[in-house]
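Engineer:
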Amino acid sequence: MKYTFQDSTDLPVQRDFIEDLKNFVDACCKVLPVEKEAIEKNENYRKSTYSLEKTLEELNSSNDKTMKCVKALDSDFAGHYLDEYKKSVMDACDRAVHEGLQQVNLSIEKERNDYNKFMNSIGSQVLSMLNPLFEGGIYGSHESYSMEAENGHLTGKKISTLGSMQSFFELGYNRSSVAIKDLIDTLFIPTWTRAGLISKEKKIKMEDLSEYLLKSFEYDGKEHVDVSFSNKKADHSLRIISDGDEYSVIFDNTDITADPALFKSITLEEIDSLVNNLVEFARSSITSRKLVNLVAGDQNAIYSNEIFDCLKAVAEQYSDIITQCRERGYVKGEITIKIEQEDGTRTEKYVDRSEIFNRLSEIGSEGLEIASILGVDSSKSNSY
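Residue 569 in my numbering sits at position 358 of the sequence shown, and the numbers go up by one each step.
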């Protein structure tokens, strides 16, 4: 499948841009009203807890003033009677303030629990709504992967980074385990052994590790890979650390690449092929992607009400392609791409600028701002 502009120039991303754009607008229309509700809830919660915390301060302050006043009472004649009076008043004040503080703290705890319950529900809704948009990958983002095999299960994670925004995914794979032989035909690693009937001499032995199973895998999305394999008994392990063309190959506690004699017997082309095939497996054998968190800066974007900012960052990635669609297109008011099938069949796919604008404008000011970033707002209509 090949994707181009109307003038047959390749799209900078080889994906169905029109479908992605529609998914983006769908996500905005679903999520932004929910975030607006969360913002209102957050503001009410802030005001309510602030009022209750001020109540705590006033109760403590009033009690302190009352106690100070009572303690300051003195008499030349009441004597013992005044002391009993003061004690009774202070005991009553202690009980009253304790009960008051307890009631206010219970109110604060209820507000907090209700708020957290509400935000957890909002979080689940928002992540579910954003999943179709984010699971295919955000344009211009950097993606890192990790996998772990344990108890017959192979699980993975993906972190997608765009500026200060990070989306976190739980990944499912199409198999429960991965062996080295699934990635390359065979892998022999040189190790030291002792042989001989009389004097045990150190000799190099080639160990077949083809049956070793993946234990853990980390890939930073650039050049760094750190992967571990182990045999079924888990009493021997292989670790490979890759940084571009630089490799460290460690079998059990022996760094093979640091031993000149062993290093001569290792085939780095096989190691390179193993690493590359594993990276490809991590990227292409995914059966499910679940968005589990969205972070803006160091904050949870849902709890900090920064979903709108995240969507604006995504919109910026679409704006340049929309501009090029306008400049390279032939029909005013349409955002059009061409799709070429493997058999050479060509079709066009488009969406009206007004359709995108109208849907976004229904959201309110946030939708209009996103429309402006995309370049589909009415102020730019004359250039289409």
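Where is the CB? At the ideal position from N, CA and C, for every residue including glycine.
To the nearest angstrom, how far is the alpha carbon of Asn-386 from that of Gln-313?
Structural biologist: According to the sequence displayed, residue 386 carries Arg and not Asn. C-alpha separation (whole angstroms): 55 Å.
Engineer: Is it true that the CB of Ile-574 sits closer than 8 Å to the CB of Pro-244?
Structural biologist: yes
Engineer: Would you report the Cα separation of Gln-528 and Gly-351, rounded to the nearest angstrom?
Structural biologist: So the alpha carbons of these two residues sit roughly 7 Å apart.
Engineer: For Asn-593, which residues of its own chain have a beta-carbon under 7 Å away from its beta-carbon, when the five flanking residues on both sides are left out?
Structural biologist: Unreliable placement is indicated for Asn-593, whose pLDDT of 49 sits below 50; the coordinate value is still reported in the next sentence. Excluding residues within five positions, none has a Cβ falling inside 7 Å.
Engineer: Note down the Cα distance separating Tyr-595 from Ala-524, rounded to an integer number of angstroms.
Structural biologist: Note that Tyr-595 scores a pLDDT of 48, beneath 50, so its modelled location is shaky; the value from the coordinates is reported in the next line. Between Tyr-595 and Ala-524, the C-alpha separation is close to 23 Å.
Engineer: Quick check on the DSSP output: the alpha helix (DSSP H) that includes Thr-498 runs from which residue to which?
Structural biologist: No alpha helix (DSSP H) holds Thr-498; the beta strand (DSSP E) holding it covers 497-507.
Engineer: What is the DSSP secondary structure of Asn-658, counted as helix, strand or coil?
Structural biologist: Because the chain spans 212 through 595 in this model, residue 658 falls outside it and cannot be assessed.
Engineer: Any chance you could list the beta strand (DSSP E) runs of at least 3 consecutive residues sitting entirely within the region 426-454, in chain order?
Structural biologist: 435-441, 448-454
Engineer: Helix or strand or just coil, what does DSSP make of Val-236?
Structural biologist: Of the three classes helix, strand and coil, the one that applies to Val-236 here is helix, per DSSP.
Engineer: Let me check one thing: in DSSP terms, what residues is His-511 bridge-paired to?
Structural biologist: The sequence given here has Asn at residue 511, not His. Per DSSP, Val-506.
Engineer: Under 8 Å, do Gln-217 and Tyr-541 count as touching if we go by C-beta distance?
Structural biologist: yes
Engineer: Tell me whether Ser-592 sits in a helix, a strand or coil according to DSSP, three-state version.
Structural biologist: Any reading at Ser-592 must be qualified, since the residue scores a pLDDT of 49, below 50, and its modelled position is unreliable; the value itself is stated next. Three-state DSSP puts Ser-592 in a helix.
Engineer: At the level of alpha carbons, what is the spacing between Glu-418 and Ser-388?
Structural biologist: 21 Å
Engineer: Within 8 Å, do at least three Cβ pairs link the region 390-398 to the region 417-437?
Structural biologist: yes
Engineer: Please report how far the alpha carbon of Ala-472 lies from the alpha carbon of Glu-491, in whole angstroms.
Structural biologist: 32 Å
Engineer: Can you tell me where the alpha helix (DSSP H) holding Gly-578 begins and where it ends?
Structural biologist: 576-585
Engineer: Does DSSP put Asp-227 in a helix, in a strand, or in coil?
Structural biologist: coil
Engineer: Please report the distance separating the alpha-carbon of Arg-323 from that of Tyr-256.
Structural biologist: Distance between the alpha carbons of Arg-323 and Tyr-256 is about 8 Å.
Engineer: What does the Cβ neighbour count give for Thr-220, buried or exposed, with the cut at 16 atoms within 10 Å?
Structural biologist: exposed
Engineer: Any heavy atom of the ligand PLP closer than 7 Å to the Cβ of Lys-241?
Structural biologist: Among the components modelled here there is no ligand, and therefore nothing to report on the ligand PLP.
Engineer: Have a look at Gln-535, Ile-333, Ser-259, Ile-477 and flag the residue whose alpha-carbon is nearest the alpha-carbon of Phe-228.
Structural biologist: Comparing Cα-Cα distances from Phe-228 to each of Gln-535, Ile-333, Ser-259, Ile-477, the minimum goes to Gln-535.
Engineer: Which residues bound the beta strand (DSSP E) around Thr-372?
Structural biologist: It spans 364-373 - the beta strand (DSSP E) in which Thr-372 sits, taken as one unbroken run.
Engineer: Can you list, in chain order, the residues of its chain whose CB lies under 6 Å from that of Gly-383, leaving out five sequence neighbours each side?
Structural biologist: Thr-498, Ser-499
Engineer: Helix, strand or coil for Gln-535 per DSSP?
Structural biologist: helix
Engineer: Find out if the Cβ-Cβ distance for the pair Asn-511, Glu-246 is shorter than 8 Å.
Structural biologist: no
Engineer: Consult DSSP for Gly-334 and reduce its assignment to one of helix, strand or coil.
Structural biologist: Helix.
Engineer: If the criterion is Cβ atoms closer than 8 Å, does the pair Leu-502 and Phe-345 meet it?
Structural biologist: yes
Engineer: Would you identify the three-state DSSP class for Arg-557, choosing helix, strand or coil?
Structural biologist: strand
Engineer: Out of Thr-465, Ala-445, Tyr-356, point me to the one whose CA is closest to Trp-403's CA.
Structural biologist: Taking only the C-alpha atoms, the option nearest Trp-403 is Thr-465.
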